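One line per chain: the protein sequences are Y and D, in this order. The opening residue of the first sequence carries number 5 in the working numbering; numbering runs sequentially from there. The opening residue of the second sequence carries number 68 in the working numbering; numbering runs sequentially from there. Where a beta carbon is used, it is the ideal one built from N, C-alpha and C, also for glycine. Keep in mind the model is a prediction, meaning the values are calculated, not measured. Structure first, then comments.
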Amino acid sequence: AQTVTQSQPEMSVQEAETVTLSCTYDTSENNYYLFWYKQPPSRQMILVIRQEAYKQQNATENRFSVNFQKAAKSFSLKISDSQLGDTAMYFCAFMIGEPDKLIFGTGTRLQVFP
Amino acid sequence: DVKVTQSSRYLVKRTGEKVFLECVQDMDHENMFWYRQDPGLGLRLIYFSYDVKMKEKGDIPEGYSVSREKKERFSLILESASTNQTSMYLCASSLGRFNQPQHFGDGTRLSIL
Chain Y
5 AQTVTQSQPE MSVQEAETVT LSCTYDTSEN NYYLFWYKQP PSRQMILVIR
55 QEAYKQQNAT ENRFSVNFQK AAKSFSLKIS DSQLGDTAMY FCAFMIGEPD
105 KLIFGTGTRL QVFP
Chain D
68 DVKVTQSSRY LVKRTGEKVF LECVQDMDHE NMFWYRQDPG LGLRLIYFSY
118 DVKMKEKGDI PEGYSVSREK KERFSLILES ASTNQTSMYL CASSLGRFNQ
168 PQHFGDGTRL SIL
C-alpha cells in the first residue's frame with residue numbers, strides 16, 4: 005500500500021528565515037506525482053507545488069522549492085524568506101494511476117513569527 | 068480560476084438524521100472527490116466519481132453514500148448520522164487526465180450532536 009509520512013506535526017520559523025518541511029513516501033511504482041498543498045486558517049486547500057517522478061530537476065515556484073530524492077523516497081518542501089502569510093497547515097500528497105487519487109500525509113502545522 | 072463551492076461552512080445535525088453535503092464545481096471537471104479531515108489523520112478519501120452517475124469507494128466509505136446526477140454536482144450523504152461522523156468534510160475536483168491537481172472547496176465543518 006502507498007503511504008505518505010510527515011514526521012513533523014508542528015514547526016515554527018521567524019519571518020524572512022528559511023524552513024524545510026519533510027515528507028517521505030512508500031510505493032513500488034515508478035511513475036507518480038508528488039504535491040504540496042497549503043491550508044491556511046481560512047481553510048481552503050491550495051496547491052503550492054508539484055513534482056513529476058520522472059523528472060530529476062527539482063520543482064520551484066517563487067519562494068517554494070522541493071528537494072526530491074527518488075531513491076530515498078523523500079520529498080521535502082523548502083520555504084525561503086518566510087512570510088506571515090505562510091502560516092498554515094502543509095500537506096504532502098502522492099498520486100498514482102487513474103483516476104488521480106491523492107494519498108495525503110498527516111500534515112505539518114507551520115507558524116511564522118514576526 | 069476553478070471554483071469549488073460547498074453549500075455550508077458549518078452544519079449542526081442530530082444523531083440519526085439524514086444529512087446532505089453538496090458540492091458544485093464550475094470548470095467542467097470529470098473527477099470529483101469527498102474527503103474527511105481529522106486532526107492527526109490528514110485527509111482520508113470517502114468516495115470519488117470520475118463521471119456522471121459513476122462512483123467508487125475510497126478508503127473510508129462506511130456510513131456514507133454519494134450521488135452524482137450532473138457533472139458539476141457531487142453530493143455526500145450520511146444516511147443516519149452518528150457522533151463519530153463529526154468532522155471537517157472537503158470536496159475536490161480535477162480534470163479527467165492523469166495526474167492533474169485537485170482543486171478544493173472551503174470545507175464544511177459538520178457537528179453531530
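Could you give the DSSP three-state label for residue i: helix, strand or coil?
i: D:G109; result: strand
i: Y:D30; result: strand
i: D:N166; result: coil
i: Y:Q173; result: As displayed, chain Y neither begins before 5 nor continues past 118, which places residue 173 of chain Y out of reach and without an answer.
i: D:Q152; result: helix
i: Y:L25; result: strand
i: Y:L88; result: helix
i: Y:S78; result: strand
i: D:A159; result: strand
i: D:I116; result: The sequence shown places Ser at residue 116 of chain D, not Ile. Reduced to three states, the DSSP call for D:S116 is strand.
i: D:L180; result: coil
i: D:S227; result: Residue 227 of chain D lies beyond the residue range present for chain D, which begins at 68 and ends at 180; the question has no answer from this structure.
Rounded to whole angstroms, what is the Cα-Cα separation between residue i and residue j?
i: Y:G89; j: Y:T22; result: 14 Å
i: Y:S80; j: D:G83; result: 43 Å
i: Y:Y41; j: D:G130; result: 28 Å
i: Y:R67; j: D:M99; result: 30 Å
i: D:Y114; j: Y:K82; result: 32 Å
i: D:A148; j: D:I179; result: 7 Å
i: Y:Q61; j: D:S142; result: 40 Å
i: D:S132; j: D:V119; result: 15 Å
i: D:E146; j: Y:S32; result: 37 Å
i: D:S74; j: D:F87; result: 10 Å
i: D:I144; j: D:K85; result: 7 Å
i: D:L157; j: Y:Q43; result: 12 Å
i: D:Y117; j: Y:L114; result: 33 Å
Contact check, residue i vs residue j under 8 Å by CB: the rounded distance?
i: Y:G111; j: Y:C27; result: Contact flag wrong, Cβ pair sits at about 10 Å.
i: Y:L25; j: Y:F98; result: No, Y:L25 and Y:F98 are not in contact; Cβ-Cβ is about 15 Å, not under 8 Å.
What residues from chain Y crowd round residue i, counting only those whose CB sits closer than 8 Å?
i: D:D95; result: Those do not exist, as D:D95 stays about 15 Å from chain Y at its closest Cβ, beyond 8 Å.
i: D:Q167; result: D104
i: D:L157; result: M49
Could you tell me if the beta carbon of residue i falls within a distance shorter than 7 Å of some heavy atom in the ligand SAM?
i: Y:G89; result: Among the ligands in the structure shown, none appear at all, so the ligand SAM cannot be discussed.
In chain Y, what lies closer than 7 Å to residue i by C-beta?
i: D:S161; result: D104
Strictly below 8 Å CB to CB, what residues from chain D border residue i?
i: Y:Q48; result: F171, G172, D173 and G174
i: Y:L81; result: Near Y:L81 there are no residues of chain D at all, since even the closest Cβ is about 15 Å away, more than 8 Å.
i: Y:S37; result: Correcting the residue identity first, residue 37 of chain Y is Tyr in this sequence and not Ser. Near Y:Y37 (Cβ distances below 8 Å), the residues of chain D are N166.
i: Y:G111; result: G109
Identify the contact partners of residue i in chain D, using a Cβ-Cβ distance below 7 Å as the criterion.
i: Y:M99; result: N166
At 9 Å on the CB atoms, spell out the chain Y contacts of residue i, in chain order.
i: D:L112; result: K105, L106, I107 and F108
i: D:L88; result: In chain order: nothing, as chain Y lies at least about 15 Å away.
Residues of chain D with a CB under 9 Å from the CB of residue i: which are they?
i: Y:R54; result: N166 and P168
i: Y:F95; result: G109 and L110
With 8 Å as the threshold, decide whether the Cβ of residue i is near any Cβ in chain A.
i: D:E89; result: Chain labels in this structure do not include chain A; the protein chains are Y and D.
- Query: Counting pairs of Cβ atoms below 8 Å between the stretch 126 to 137 of chain D and the stretch 69 to 80 of chain D, do you hit three or more?
  - Reply: Verdict: no, contact absent.
- Query: Does the stretch 55 to 66 of chain Y come within contact of the stretch 167 to 177 of chain D, defined as at least 3 CB pairs closer than 8 Å?
  - Reply: Contact between the stretch 55 to 66 of chain Y and the stretch 167 to 177 of chain D is absent: fewer than 3 CB-CB pairs across the two stretches fall below 8 Å.
- Task: Would you check if there are 3 or more beta carbon pairs closer than 8 Å linking the stretch 85 to 98 of chain D to the stretch 43 to 57 of chain Y?
- Result: The stretch 85 to 98 of chain D makes no contact with the stretch 43 to 57 of chain Y, as fewer than three CB pairs between them are under 8 Å.
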